[in-house]
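Working notes, beginning with the structure itself.
Residue numbers (the numbering used here): 0 to 242.
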């Protein structure tokens, strides 16, 4: 009887030790694997944060795939653009913008307009194909000449902008490219307050250039460009001296 109790006690002790060893092994395995799991989660979290930060950066600072284009030229075009390309501005009917701080160059009657304010503009209805029905037809300019109410009002505004004081009679509201050479009739970029009285030496040059164009001795665009760029130089080339 005592021997049987001893066997049972030994058996219980053996099972208890076995269970203790098994539990210790399981606990050791779990504690060994936990850091790996924690590291994996931390890595994933860091990767997620990096992805989120990158996405946030690109939302607020987009990168363009194309280079910045030059700004589109708006009206009125600059003088440098029209003159450098050899092309003159196409006039707009009753365009009356007047830039500030313009200045006459020279002394009357040998004066030139400020090219920034009056670069010259042409009438799109006048071309080599329409010369016979426009500038080379007698009396045609009277059909396109703007009213004095328009030109007088513009002259007063331009005189103020150009720093010209006194009566409006001291200047002529001149078409830089004259109507008889296809200049724009009512575009302020082709009109300026010219000092020197009426008539003036420029009128003589305008008539001669028209005569040559209508006689097929001079190209229309050449005549327009020369008188718009420097009518004094064109005058000297034809007449051999300054006015």
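Quick reminder that beta carbons are idealized off the backbone N, C-alpha and C, glycines included.
**Report entry** Other residues of its chain near residue 197: CB distance less than 8 Å, five sequence neighbours each side excluded
**Finding:** Locating residue 197 in the chain shown gives position 198, where the first residue counts as 1. Hits under 8 Å: 171.
**Report entry** Identity of the residues DSSP links to residue 106 by a beta bridge
**Finding:** Start at 1 with the first residue of the chain shown, and residue 106 comes out as number 107. DSSP lists 109 as partners of residue 106.
Query raised in the report: At a cut-off of 8 Å, is residue 117 close to the ligand HEM when judged by its beta-carbon and the heavy atoms of the ligand?
Result: Of the ligands one can find in the structure shown there are none, so the ligand HEM has no counterpart to examine.
Query raised in the report: If we ignore side chains and look at the alpha-carbon of each, how far apart do residue 90 and residue 124 end up?
Result: Taking the chain shown and counting its residues from 1, the one referred to as residue 90 is at position 91. Taking the chain shown and counting its residues from 1, the one referred to as residue 124 is at position 125. Using only the alpha carbons, I get a separation of about 10 Å.
Query - Cα-Cα separation, residue 224 to residue 165 - result: In the chain shown, the residue the question calls residue 224 occupies position 225. In the chain shown, the residue the question calls residue 165 occupies position 166. Roughly 32 Å separates the two Cα atoms.
Query raised in the report: Between residue 72 and residue 169, what straight-line distance do the alpha-carbon atoms span, to the nearest angstrom?
Result: By one-based count along the chain shown, residue 72 stands at place 73. By one-based count along the chain shown, residue 169 stands at place 170. In this prediction, residue 72 scores a pLDDT of 29, lower than 50, which makes its location untrustworthy; no coordinate-derived value is stated.
Report task. Confirm, please, whether the CB-CB distance from residue 153 to residue 227 is below 9 Å. Result -> Position 228 of the chain shown, counted from the start, is the residue given in the question as residue 227. Position 154 of the chain shown, counted from the start, is the residue given in the question as residue 153. Cβ atoms of residue 227 and residue 153: not closer than 9 Å.
Query raised in the report: When burial is assigned at 16 or more other CB atoms within 10 Å of the CB, is residue 234 buried or exposed?
Result: The sequence position of residue 234 within the chain shown is 235, counting from 1. Residue 234 is buried by the Cβ-count criterion.
Query raised in the report: Under 9 Å, do residue 134 and residue 180 count as touching if we go by C-beta distance?
Result: The sequence position of residue 134 within the chain shown is 135, counting from 1. The sequence position of residue 180 within the chain shown is 181, counting from 1. Yes, they are a contact pair.
Report task. Just the C-alpha distance for residue 102 and residue 162, rounded to the nearest angstrom, thanks. Result -> Taking the chain shown and counting its residues from 1, the one referred to as residue 102 is at position 103. Taking the chain shown and counting its residues from 1, the one referred to as residue 162 is at position 163. If I take the Cα positions, the gap works out to 7 Å.
**Report entry** Neighbourhood of residue 130 by C-beta, 8 Å cutoff - its chain only, sequence neighbours within 5 removed
**Finding:** Counted from its first residue, the chain shown places residue 130 at position 131. Once the five neighbours on either side are set aside, the close Cβ partners of residue 130 are 212, 213 and 219.
Query raised in the report: Is residue 89 helix, strand or coil by DSSP?
Result: Mapped onto the chain shown, residue 89 falls at position 90. Three-state DSSP puts residue 89 in a strand.
Query raised in the report: Can you name, in chain order, every residue of its own chain whose Cβ lies under 7 Å from the Cβ of residue 177, other than the five neighbours on each side?
Result: Indexing the chain shown from 1 puts residue 177 at position 178. 205, listed in sequence order.
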